[in-house]
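Taken in sequence, the protein lines are chains A and B.
The numbering used here applies: residue 60 is where the first sequence begins, and numbers increase by one.
The numbering used here applies: residue 60 is where the second sequence begins, and numbers increase by one.
Heads up: the structure comes next, in structure tokens.
There are 2 protein chains.
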Amino acid sequence: MRKLKWPIYLLGIIFSINTYAQNDAEVLKKIYKASLTNGKSYDWLNYLSNQIGGRLSGSLNAEKAVNYTKEELDKLGLDKVWLQPVMVPKWVRGFKEYAYIESEKGKRTKTTTVNICALGGSVATPALGLKAHVVEVKNFEELKTLGKENIEGKIVFYNRPMQADLISTFEAYGGCVNQRYKGAVEASKYGAVGVIVRSMNLRLDDFPHTGSMIYGDLPVADRIPSAAISTNDAELLSTMLKLNKSLKFYFKQNCKQFKDVLSYNVIGQITGSEFPNEYMIVGGHLDSWDLGDGSHDDGAGVVQSMDVLRLLKISGIKPKRSIRVVLFMNEENGLRGGKKYAEVARQKGENHVFALESDAGGFTPRGFSFDCNDASFNQVLSWQPLFKPYLIHYFEKGGSGADVGPLKTKTNVLAGLRPDSQRYFDHHHASNDTFDAVNKRELELGAATMTALVYLFDKYGVNPIANGKQIKK
Amino acid sequence: MRKLKWPIYLLGIIFSINTYAQNDAEVLKKIYKASLTNGKSYDWLNYLSNQIGGRLSGSLNAEKAVNYTKEELDKLGLDKVWLQPVMVPKWVRGFKEYAYIESEKGKRTKTTTVNICALGGSVATPALGLKAHVVEVKNFEELKTLGKENIEGKIVFYNRPMQADLISTFEAYGGCVNQRYKGAVEASKYGAVGVIVRSMNLRLDDFPHTGSMIYGDLPVADRIPSAAISTNDAELLSTMLKLNKSLKFYFKQNCKQFKDVLSYNVIGQITGSEFPNEYMIVGGHLDSWDLGDGSHDDGAGVVQSMDVLRLLKISGIKPKRSIRVVLFMNEENGLRGGKKYAEVARQKGENHVFALESDAGGFTPRGFSFDCNDASFNQVLSWQPLFKPYLIHYFEKGGSGADVGPLKTKTNVLAGLRPDSQRYFDHHHASNDTFDAVNKRELELGAATMTALVYLFDKYGVNPIANGKQIKK
């Protein structure tokens, strides 16, 4: 009987909340069904991976990928599709790297070949390769302790593994990647002649994993070549070093940095029906490393983002705000595309209220991380029940993504799709980042999950307390 | 200031709850760390898969797997390890199956070979194979509509695909598997001479997926051979049938059912320190189909269950209740092991308060489903925050597992580990259910998640309202 005493207006609110929620639940169902039964992401990825392949910035393949994705967006009947010019670095691996461990047994010299690859941005070795003694370290502090007397003229071997007991493999990556990124700069302070880095990979296998590194202010003459070694071979080298400190390591790599070249971000837009000057973007990066197909990093994010606009259309959703897909160029070794997009947006005074990035692989989506204020985050949390049927549970504050980062304002919402991370670093930046490692359904669930979030933010608006009107209706 | 008015005993309860939760959080952290940095599950699976292989009931490999897992359990220093005899069916595939579609083009006959495999329990075709016209149906109702006049003397081709828009692939499987399980019985009512079933697989690929089927009361003479066809070839056959209703399908299979043979459940036990007569079991099934290695189905569940007892030990947990690992024989084509275990438990009056099964693949664990009363389920829900750091969010009422099912009582708790299901049916019962499809970390996270649940149920007891004492302390 107590219920009857509730004020009528409260009942009204409860009723309308339920109705909204039911409508939204129906729309989400339609979106997921569209993606799982009529998605295009997998077909697009098949083409990007198997007909084009690795798409390093400045390469012919990157150009092909620009043309292909623009053509495909053109077919979707969006309101606008265009290319945004951006100058990007051009680094070329050249002929495949070669490396071996040389140890002496009595009077005989034994060589054991190992799997390496040049790090992106590294200089080449001398034409005949580089051979030197090796000093193994786990971190930069050890370099300091060892000092110049123990390092000069040697190859520094960084061998700190990713921490296996961290649940998020990205956290484990974050705890190791400075070895790769800054290892050469740090080692050259002590007169090292080269750098070998344990691959950022939680598995033990034979794939070397590339990735970017920088020389900073180091004069060109002081730049030392850096390569990644597979985890199996890192273990081998470490074991052999324990038995024989005087072994030598030989490697030869043939990479080269060229002048910047012209490339493009690829952009498509559905213009908003009510607030055309409020922009919501979804994106991934079109460039990839050169060793594999770049299927997970970030072909997956590219095709999922493309399909968000298509899934909105085929689900009969007409956005109030302008929704853009942005395929960023050069995330891997420069972030020029992300910076350029934000720069142009600022110049034009475009109000970007929301940006969602998918750049963590095409695995089963678990949720999102958000970079936003509390009001927007609470708004997101109120949508959690809508995502439960799709096993999307993870809604946390945290980073969003490298390419959308430069768009940050005080009031907008940046978000990153968070797929299951366990297998990501098995493939990341390695020659086994290939199409066969992507599961169609996992990819499609990601595209649907992104579309659902875009739908909700478009419908209810971003930062409702500041806007006022959205929270009332 | 209001807080100071709270009764002291309430503060005491809150304090003790927090302390418990903190301790439990620490224990779970230790368990997950132990599994991810010092787990044995992956090594054991490597041996089971690559040194033994597929373990069909009654086969030499099944016997090897019994011996191997018993030996490994013996090494763990458990309180008791033993084999429980059970008679199991023995069905043998024999020489690889062969099939083609025969169509006529003008005066020429064209044959297209397709990928099939006999369903488990099926009879062989005649020695020279079986060739007949084909009638395609989606379900048993269509058989009825078509009637004997359209089916007699033909091969029935069941081609209802798994429903792609269901998020749980197990639900999609449940909606299709009657074609495989009862397809032959139903088709033979209308005089069909054979059955071809679309593989239970959401992907389009070339792997035929086997699985059990029954003839029920059908006299031996009336039993018709049944085979699964790969999804790609199901699509092909369907398309060719649309163009040419008079095509013929040929298949030859050489399988045979033998008399039951002796096999074993493998059991290990840590005897409880306080309530040794309360049993909590964890298990998976040791048998598998013969086409692949049975890595996901259910090598994963076997090695995870074995590691639960080991992880408890190395994490310094001394269970109050008796914890058993049970490796069931013959889940796939008879469930004899599960039935036998429950039968013996009943005979001995053993009180099984808890049983957890892992038989849904070695993929990233998402949570559990429970078959229990509300009191126990609410107890589980109170532990949800403890699992959140490990991204374990799914706690739902629902089925547990086939092997532990026969242990159900009114008060006990049956549970099933629920890993991510998206890739499961890519491999299920097919030749690509192999070790390389299992990710080490995903497998280990599953073992840790199982161990954590066992730890909590052991510590707090099952069904606290009925027991009384657990809820007070």
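From the three backbone atoms N, C-alpha and C, an ideal C-beta is built for every residue, glycine too.
Fair warning: this is a prediction, and the values are worked out from it, not measured in the lab.
Check                                                                                                                                                                                              : Outcome
Can you pull the chain B residues whose beta carbon is under 7 Å from the beta carbon of Leu-261 of chain A, in chain order?                                                                       : Arg-500
Counting Cβ pairs closer than 8 Å, one from the segment 89 to 96 of chain A and one from the segment 364 to 384 of chain A, do we hit at least three?                                              : yes
If you count every other CB in all the chains shown that lies within 10 Å of the CB of Lys-155 of chain A, and 16 or more means buried, which is it?                                               : exposed
Indicate the three-state DSSP secondary structure (helix, strand or coil) for Glu-122 of chain A in the structure shown.                                                                           : helix
Grouping DSSP H, G and I as helix and E and B as strand, with all else coil, what is Phe-427 of chain B?                                                                                           : strand
Between Pro-448 of chain B and chain A, is any beta-carbon pair separated by less than 8 Å?                                                                                                        : yes
Counting only C-beta atoms, is Glu-101 of chain B closer than 8 Å to chain A at any point?                                                                                                         : According to the sequence provided, residue 101 of chain B is Tyr. The question's Glu does not apply to it. False, the Cβ-Cβ gap to chain A never drops below 8 Å.
Chain C beta carbons: is any one of them nearer than 8 Å to that of His-452 of chain B?                                                                                                            : Looking for chain C here will not work: the only protein chains present are A and B.
Based on DSSP bridge pairs, tell me the residues matched to Ile-451 of chain A.                                                                                                                    : In the DSSP output, where bridge partners are listed per residue, Ile-451 of chain A has none listed.
Counting C-beta neighbours from all protein chains within 10 Å, is the total for Glu-337 of chain A 16 or more, i.e. buried, or is it exposed?                                                     : buried
Nearest chain B C-beta to Ile-376 of chain A closer than 8 Å, yes or no?                                                                                                                           : no
Compare the C-beta of Ile-326 of chain A with all C-beta atoms of chain B and state if any pair is closer than 8 Å.                                                                                : no
Can you give me the Cβ contacts of Lys-528 of chain A inside the same chain, cut-off strictly under 7 Å, excluding the 5 residues immediately before and after it?                                 : Low confidence applies here, because Lys-528 of chain A scores a pLDDT of 44, under 50, leaving its location unreliable and the question unanswered by this model.
If I'm right that Lys-197 of chain B touches Arg-219 of chain B with Cβ under 8 Å, what's the distance once you round it to whole angstroms?                                                       : 4 Å
Would you say Gly-358 of chain A and Asp-462 of chain A are within 8 Å of each other, going by their C-beta atoms?                                                                                 : no
Suppose you measure from the CA of Gly-135 of chain A to the CA of Gln-328 of chain A; what does that come to, to the nearest Å?                                                                   : First, the residue type needs correcting, since residue 135 of chain A is Leu and not Gly in the sequence shown. Using only the alpha carbons, I get a separation of about 10 Å.
Report yes or no: do the segment 108 to 123 of chain A and the segment 347 to 357 of chain A share at least 3 C-beta pairs separated by less than 8 Å?                                             : yes
Going by beta-carbon coordinates alone, are Val-147 of chain A and Lys-129 of chain A separated by less than 8 Å?                                                                                  : no
Between the segment 455 to 487 of chain A and chain B, which residues of the former have a C-beta closer than 8 Å to a C-beta of the latter?                                                       : Asp-479, Gln-481, Arg-482 and Asp-485
Just to confirm, are Leu-466 of chain B and Ala-401 of chain B a CB contact at a threshold of 8 Å?                                                                                                 : yes
So, helix, strand or coil for Ile-76 of chain A, using DSSP?                                                                                                                                       : Low confidence applies to Ile-76 of chain A: its pLDDT is 49, below 50, so where it sits in the model is not reliable, and the reading given next is rough at best. DSSP places Ile-76 of chain A in helix when its eight states are reduced to three.
Report the partner residues of Met-272 of chain A according to the DSSP bridge assignment.                                                                                                         : Partner(s): none; Met-272 of chain A has no beta bridge.
CA-CA distance, Phe-516 of chain B and Thr-468 of chain B?                                                                                                                                         : 17 Å
Taking beta-carbon pairs under 7 Å, can you tell me which members of the segment 215 to 242 of chain A lie near chain B?                                                                           : Ala-223, Asp-224 and Ile-226
Is it the case that the segment 271 to 283 of chain B contacts the segment 179 to 188 of chain B, given that we only count it when at least three CB pairs across the two stretches are under 8 Å? : yes
Quick one: grab the DSSP three-state call for Trp-150 of chain B.                                                                                                                                  : strand
So, Leu-386 of chain A versus Ser-364 of chain A, is the Cβ gap smaller than 8 Å?                                                                                                                  : yes
Would Glu-245 of chain A and Phe-199 of chain A qualify as a contact pair, given that the criterion is a beta-carbon distance under 8 Å?                                                           : yes
Which chain B residues are close to Leu-202 of chain A, counting only those with a beta carbon under 9 Å from its beta carbon?                                                                     : Those do not exist, as Leu-202 of chain A stays about 26 Å from chain B at its closest Cβ, beyond 9 Å.
Return the CA-CA distance between Lys-88 of chain A and Asn-174 of chain A, expressed in angstroms with no decimal places.                                                                         : 47 Å
Going by the CB atoms, is the gap between Gly-98 of chain B and Asp-533 of chain B shorter than 8 Å?                                                                                               : Limits of chain B in this structure are 60 at one end and 532 at the other, which puts residue 533 of chain B out of reach.
Using C-beta distances below 8 Å, list every residue in its chain close to Gln-56 of chain A, excluding the 5 sequence neighbours before and after it, in chain order.                             : This structure leaves residue 56 of chain A out entirely; chain A is present only between 60 and 532.
Could I get the ranges of all uninterrupted beta strand (DSSP E) runs contained in the segment 482 to 517 of chain A, with 3 residues as the minimum, in chain order?                              : none
Of all Cβ atoms in chain A, is any one closer than 8 Å to the Cβ of Arg-425 of chain B?                                                                                                            : yes
Tell me which residues share the same chain as Ser-227 of chain A and place their Cβ nearer than 8 Å to its Cβ, disregarding the 5 neighbours each side in the sequence.                           : Ser-480
Give the interface partners of Tyr-91 of chain B over in chain A, defined as CB-CB distance under 9 Å, in chain order.                                                                             : Asp-224 and Ile-226
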